[in-house]
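>
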């Protein structure tokens, strides 16, 4: 499974440094307007950047200086970033033309208006423009992830605890209308909408309308009676809110779409018009990719192409809706790793190695750690970069990418414990950097908390230790368990460089040790049960795809060999 490798060094600029630092800081400290302002400014300055203007860099530096001095709040920081936009907007006579000129959404314009007036801004804070999605939810205590009836019961209990009227109705309707229907792999079809809804709940981006629409997103398309009335019976017969049905309609493709909308532009435009429809579609795609082994190779390739061309662009919505940012980033992780592994194993294109792109992740984490006052994480960033300098992964890209992704994955899952993130950044130093004193010297030299290297020791398996003992030790410390799962999820993306024996061994370890570790974590560390299940699902999807594709490759190689011998 060797791949031709193409090297790439992206241009990393001063603008990149400040942009990702401020974005990380804003997410950490929940600066909602600042996150939206970054997106607005990026669009606004796009033409200026193409002409070589450095104005955007100066604006970001001003915002960075405010943050560093402690003089910034969300309003001041956001206003600083889009002050030029506000000034031009105030002089504009035609809002529609202004919006079109800079590709601004209605939410962008609302933000500009609110930031134009401190009185309006304060009113926006009082009325909570992010209501619904951001409120605390009540979670049921237990969940057996692999049992469909348990998933149904979990969602039902969750809906009752949070007074989700439409969701309770949708559960029964979805079960009734999908009764007898099967997925391509032979499982009951209801598994699909249940798992999508479960993942949305775990991501923290749910509300009653979203959960109900998620459960029903395929019923119009897959039921003749519902299709003939465009879902109207969902309202008149079952009493669902019109808003639920409106979103389901956005997610429904016409039966003749291959003629009326062959490139599916209208369909995706509709999905993109509503953040809740976008949310459901993204989670729908991640679940469909988890069963991609039932597709023929041609269908698999076209599905990947559609994901990249049509689904990836939906992720840009996270820049306009900060409350969805981290959840959509996790979806991006899953989609990207699935598609990259499929393409690489099928040798559709050479792998592209970016030697500087990781710095965006580095500065995002740096800004986030600054915002959360994560001193150990800030120190660990510096230590990891220094100790892994010059080291490469098996694909040929800088090794530091791996610990950065492990830490960022945890952060995006809202696991922001300082020691955990610091240990995630340093989890490979024993193996890769020859650290033999248990990290004592590094701890003293940099003033790290002793807990950081205690976690690194747990995650780093000594050669003489049995797997049974290693995984038992991990299970007894939830922080080490979380780091290990994030590491495993991010190791999935380089499985294509393994030979068949390595892959078989990897999958054996998943089945015998990693999945039981996940189950133990769900049952004993309920606070992190949904994060654990998200990582478990990610690991399962990748290992399943790799196993399937590599065995297909092996079969194809065998057939080729037989043909050659017969000739």
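Numbering (my numbering), first residue to last: 42 to 608. Glycine residues also receive a C-beta, built at the ideal position from the N, C-alpha and C atoms. A quick note: this is a predicted structure, and the numbers were derived from the prediction, not measured.
Indicate whether the contact test is met: 3 or more Cβ pairs, each with one atom in the segment 361-369 and one in the segment 408-422, closer than 8 Å.
The segment 361-369 vs the segment 408-422: no contact.
> Pull up the distance between the alpha-carbon of residue 598 and that of residue 382, whole angstroms please.
Any reading at residue 598 needs caution, since the residue's pLDDT is 48, under 50, leaving its predicted position unreliable; the model's value is listed next. Taking the straight line joining both Cα atoms gives about 19 Å.
> Would you give the residue range spanned by the alpha helix (DSSP H) that residue 400 belongs to?
It spans 399-412 - the alpha helix (DSSP H) in which residue 400 sits, taken as one unbroken run.
> Would you decide whether residue 304 is buried or exposed? Buried here means 16 or more other CB atoms lie within 10 Å of its CB.
So residue 304 counts as exposed.
> Measure from the alpha carbon of residue 569 to the alpha carbon of each residue in 587, 75, 155, 243, then state which is nearest.
With distances taken between Cα atoms, residue 569 lies closest to 243.
> Exposed or buried, residue 552, counting other C-beta atoms within 10 Å across all chains shown (16 or more means buried)?
Answer is exposed; the Cβ neighbour count stays below 16.
> On the premise that residue 63 lies in contact with residue 408, defined as a C-beta separation below 8 Å, what is that separation, rounded to the nearest angstrom?
That belief holds up - the Cβ atoms of residue 408 and residue 63 are roughly 6 Å apart, short of 8 Å.
> CB-CB under 8 Å to residue 156, same chain, minus the five flanking residues each way: which ones, in chain order?
Cβ neighbours of residue 156 beyond the five flanking positions: 74, 78, 116, 119, 120, 123, 127, 162.
> Report the CB separation of residue 212 from residue 260 in whole angstroms; it is logged as a contact under 8 Å.
About 12 Å separates the two Cβ atoms, so there is no contact after all.
> Using three-state DSSP, classify residue 229 as helix, strand or coil.
In this structure, residue 229 counts as strand in the three-state DSSP scheme.
> Would you mind sorting residue 401 into buried or exposed? The rule is 16 or more other CB atoms within 10 Å of its CB.
When all chains shown are included, residue 401 counts as buried.
> In the DSSP assignment, what are the bridge partners of residue 439?
According to DSSP, residue 439 bridges with 433.
> Helix, strand or coil, according to DSSP, for residue 307 in the structure here?
Looking at residue 307 - three-state DSSP - the assignment turns out to be helix.
> Is the segment 439-452 close to the segment 489-498, with three or more CB pairs under 8 Å?
Judged by Cβ distances under 8 Å, the segment 439-452 makes no contact with the segment 489-498, as fewer than three pairs qualify.
> Are the beta-carbon atoms of residue 404 and residue 105 separated by less than 7 Å?
No, these two residues do not count as a Cβ contact at 7 Å.
> Using three-state DSSP, classify residue 525 as helix, strand or coil.
Reduced to three states, the DSSP call for residue 525 is helix.
> From 458, 425, 459, 456, pick the residue whose C-alpha is nearest to that of residue 443; which is it?
Nearest of 458, 425, 459, 456 to residue 443, Cα basis: 425.
> For the putative contact between residue 193 and residue 235, defined by C-beta atoms under 8 Å, what is the C-beta separation to the nearest angstrom?
About 6 Å separates the two Cβ atoms, so the contact holds.
> Considering only their Cβ atoms, is the gap separating residue 355 from residue 376 smaller than 7 Å?
For residue 376 and residue 355, no; Cβs fall outside 7 Å.
> Rounded to the nearest angstrom, how far is the Cβ of residue 532 from that of residue 466, given a contact under 8 Å?
Contact flag wrong, Cβ pair sits at about 16 Å.
> Which residues mark the beginning and the end of the alpha helix (DSSP H) in which residue 557 is found?
Taken as a continuous stretch (DSSP letters only), the alpha helix (DSSP H) holding residue 557 covers 556-565.
> In terms of residue numbering, what span does the alpha helix (DSSP H) encompassing residue 474 cover?
That run of the alpha helix (DSSP H) goes 470-474.
> Can you tell me which residues form a DSSP beta bridge with residue 223?
DSSP, once it has assigned bridges, lists 229 as partnering residue 223.
> Quick one: Cα of residue 422 to Cα of residue 410, how far?
For residue 422 and residue 410, the distance between alpha carbons rounds to 10 Å.
> Are the beta-carbon atoms belonging to residue 237 and residue 328 less than 7 Å from one another?
Cβ distance < 7 Å, so residue 237 and residue 328 count as in contact.
> Okay, do the segment 348-363 and the segment 260-277 touch, 3+ Cβ pairs below 8 Å being the bar?
With a cut-off of 8 Å, the segment 260-277 and the segment 348-363 do not count as touching, because too few Cβ pairs lie within range.
> How should residue 246 be labelled, buried or exposed, when 16 other C-beta atoms within 10 angstroms of its C-beta is the threshold for buried?
Buried is the call here.
> For the segment 93-102 against the segment 136-152, do three or more pairs of beta-carbon atoms, one drawn from each stretch, fall closer than 8 Å, so that the two count as touching?
Verdict: no, contact absent.
> Can you tell me where the alpha helix (DSSP H) with residue 148 in it begins and where it stops?
Start and end: 147-157.
> Taking the alpha helix (DSSP H) that residue 294 belongs to, which residues open and close that run?
Note, residue 294: premise wrong, no alpha helix (DSSP H); not H, not E.
> Decide if residue 196 is buried, meaning its Cβ has at least 16 other Cβ atoms within 10 Å, or exposed.
Buried, by the Cβ-count rule.
> Helix, strand or coil for residue 517? Go by DSSP, reduced to three states.
Of the three classes helix, strand and coil, the one that applies to residue 517 here is coil, per DSSP.
> Going by DSSP in three states, residue 348 sits in which element: helix, strand or coil?
Three-state result, residue 348: helix.
> Which whole-angstrom value is the C-beta distance of residue 76 and residue 67, which I expect to be below 8 Å?
That pair is a contact at about 5 Å.
> Let's test the definition: count the other Cβ atoms within 10 Å of the Cβ of residue 319 and tell me whether it reaches 16, buried, or not, exposed.
With 16 or more Cβ atoms within 10 Å of its Cβ, residue 319 is classed as buried.
> Return the chain-ordered list of same chain residues with a C-beta closer than 7 Å to the C-beta of residue 283, the five sequence neighbours on each side being excluded.
Correct list, in chain order: 276.
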